[in-house]
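Notes to accompany the following structure.
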C-alpha cells in the first residue's frame, strides 16, 4: 500500500543533523555546568573546625620551620572603621553572596565570617582568588576549603569573582596584566575592584587592616602578584599557587612577604617557564623571575636554603630577607591546589603532573600568613 502525504519524520536523523560545532558547544556547556553542581553539593557540608587527626604534627612542623613554634609574631592591630559598630551585618558561621558596582560593572563575591566573630574584635582577612574559568564559589567549596581553617583560627575569607567573558562560555578571569583571557584583553580594573571590596568590608566588619592577605590558584595566583605590586600598602602577604608573576616587573612601594607554591610538573603554567597547555594559550616567564623580583623588593641576601619537607613538598627560604620570601615545590605536582579536592574535570586537556593529596597547601598558607603584618 502506498501512503501519500507528508514524509515521516525521523528524530534520529534530526539529531545527526546537528553540526559538529553545535555538539561541541553543548558538550562544553554541560561540562562547565558540572563543577558548580558538585560545588553546590559540597557547600551543604558544615565547616569542620577540628583539624584532621594527622594534622597537628604537620602544623607543628610548619610552625617550627616558619620560626613560629610558640605563637604568631606579635604585631599591633589596626582596627577598621567597622569596629565601631555593634551590629552583625551578616550571619556568622557561613558564607554569603554580595555584590558591588565598580567601573560600571556589577562585581560579585562570597564572604565567610566565622562563628567566633564578635563586633569590636578585629579579625584578619584572606582573599582567595579562583583560577581562570573558575568562580569564588568553586574555589570555596571544591578546591582550597579555607572555611574550616577560618572557623578554627578566626579570620574572614573573601572569595571574589572575576569578570565573565561574553559568549557561550562566560569564562571568569582576572586581569593579571599580560594574562589571561577576557579580563586582560578588556583591561578590567581588578586591582580597583578588590581594593574597593576591601574598603566596603572594612567599613562593615571589624577588620585588622594590617593583616589583609591574598592567595589564589593559577590566574588567581597571577592576580595576587599584581595586587601585591599595585596595592602593597594594603596587602600584608601573598601566597600564589600554580602560576608565576606574569606581567612586566613592578616597583612595589612596600615590601610584601611571599610564599610561592608550585608543582614541578605543572603543564599549564610550567615552573621553568614556557608555553602552557590548555585554554590559557600563554607563554609564561620562568617562575623564579618573579620570585627574584620580590627577593630584591624584600631586601633578601644570600642563597636559598632548605626550610622543611612536608610530604611531597619541599620548602625553601630564598635567603636572609627583611620580609620573608619562601618557595614550596611539590615534587611531580601538576596544575591543582595541593591538599584540596582534585579538579572535577580536566577541561584544560593537559597531561602531566599529579594532584598532591598530602601537602596541605591551605594550612601551610595560613601558617605563613598569621605571622605577617604590615
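Numbering (full-length UniProt numbering), first residue to last: 1 to 374.
Glycine included, C-beta positions come from ideal geometry on N, C-alpha and C.
Residue i - containing beta strand (DSSP E), residue span
| i | result |
| --- | --- |
| residue 331 | No beta strand (DSSP E) holds residue 331; DSSP gives it neither H nor E. |
| residue 381 | The structure shown does not extend to residue 381, since the chain spans only 1 to 374, so no value can be given for it. |
Straight-line Cα distance separating residue j from residue i
| i | j | result |
| --- | --- | --- |
| residue 49 | residue 227 | Annotation note: pLDDT 42 at residue 49 (below 50); position unreliable, no value reported. |
| residue 319 | residue 309 | 17 Å |
| residue 371 | residue 282 | 34 Å |
| residue 110 | residue 66 | 30 Å |
| residue 119 | residue 79 | 11 Å |
| residue 285 | residue 241 | 15 Å |
| residue 366 | residue 229 | 21 Å |
| residue 122 | residue 168 | 43 Å |
| residue 103 | residue 201 | 18 Å |
| residue 112 | residue 85 | 19 Å |
| residue 178 | residue 87 | 42 Å |
| residue 225 | residue 116 | 30 Å |
| residue 322 | residue 145 | 31 Å |
| residue 165 | residue 203 | 31 Å |
| residue 301 | residue 324 | 11 Å |
| residue 187 | residue 60 | 43 Å |
| residue 243 | residue 91 | 34 Å |
| residue 364 | residue 62 | 7 Å |
| residue 234 | residue 297 | 16 Å |
| residue 266 | residue 336 | 8 Å |
| residue 64 | residue 317 | 13 Å |
| residue 246 | residue 328 | 19 Å |
| residue 287 | residue 81 | 38 Å |
| residue 155 | residue 93 | 11 Å |
| residue 276 | residue 170 | 21 Å |
| residue 251 | residue 216 | 21 Å |
| residue 291 | residue 249 | 11 Å |
| residue 114 | residue 198 | 17 Å |
| residue 89 | residue 289 | 43 Å |
Whole-number beta carbon distance between residue j and residue i, since they are thought to touch under 8 Å
| i | j | result |
| --- | --- | --- |
| residue 191 | residue 105 | About 14 Å separates the two Cβ atoms, so there is no contact after all. |
| residue 361 | residue 332 | So it is not a contact: roughly 15 Å between Cβ atoms. |
| residue 176 | residue 222 | 3 Å |
| residue 232 | residue 260 | Contact doesn't hold; Cβ gap of about 16 Å is too wide. |
| residue 294 | residue 326 | Not really, about 10 Å apart at Cβ, beyond 8 Å. |
| residue 213 | residue 124 | 7 Å |
Limits of the unbroken alpha helix (DSSP H) element including residue i
| i | result |
| --- | --- |
| residue 229 | 219-230 |
| residue 149 | 147-153 |
| residue 362 | 361-369 |
| residue 358 | It is not in any alpha helix (DSSP H) - residue 358 carries neither H nor E in the DSSP assignment. |
| residue 122 | Here residue 122 belongs to no alpha helix (DSSP H), and DSSP marks it neither H nor E. |
| residue 307 | Residue 307 -> not in any alpha helix (DSSP H); beta strand (DSSP E) instead, spanning 305-310. |
| residue 182 | 181-185 |
| residue 136 | 136-142 |
Beta carbon of residue i nearer than 8 Å to that of residue j
| i | j | result |
| --- | --- | --- |
| residue 174 | residue 100 | no |
| residue 303 | residue 330 | no |
| residue 263 | residue 131 | no |
| residue 107 | residue 134 | no |
| residue 334 | residue 313 | no |
| residue 160 | residue 194 | yes |
| residue 236 | residue 368 | no |
| residue 207 | residue 157 | no |
| residue 373 | residue 150 | no |
| residue 95 | residue 140 | yes |
| residue 311 | residue 359 | yes |
| residue 218 | residue 341 | no |
| residue 268 | residue 180 | no |
For residue i: DSSP bridge partner residues
| i | result |
| --- | --- |
| residue 102 | 105 |
| residue 283 | 275 |
| residue 321 | 300 |
| residue 76 | Bridge partners of residue 76: none, in fact. |
| residue 216 | 129 and 240 |
| residue 95 | 112 |
| residue 173 | 163 |
| residue 315 | 308 and 328 |
| residue 191 | For residue 191, which the question treats as bridged, DSSP gives no partner whatsoever. |
| residue 208 | 79 |
| residue 156 | 125 |
Near the ligand MG: residue i beta-carbon under 7 Å from a heavy atom
| i | result |
| --- | --- |
| residue 133 | For the ligand MG, the structure offers nothing, since it holds no ligand at all. |
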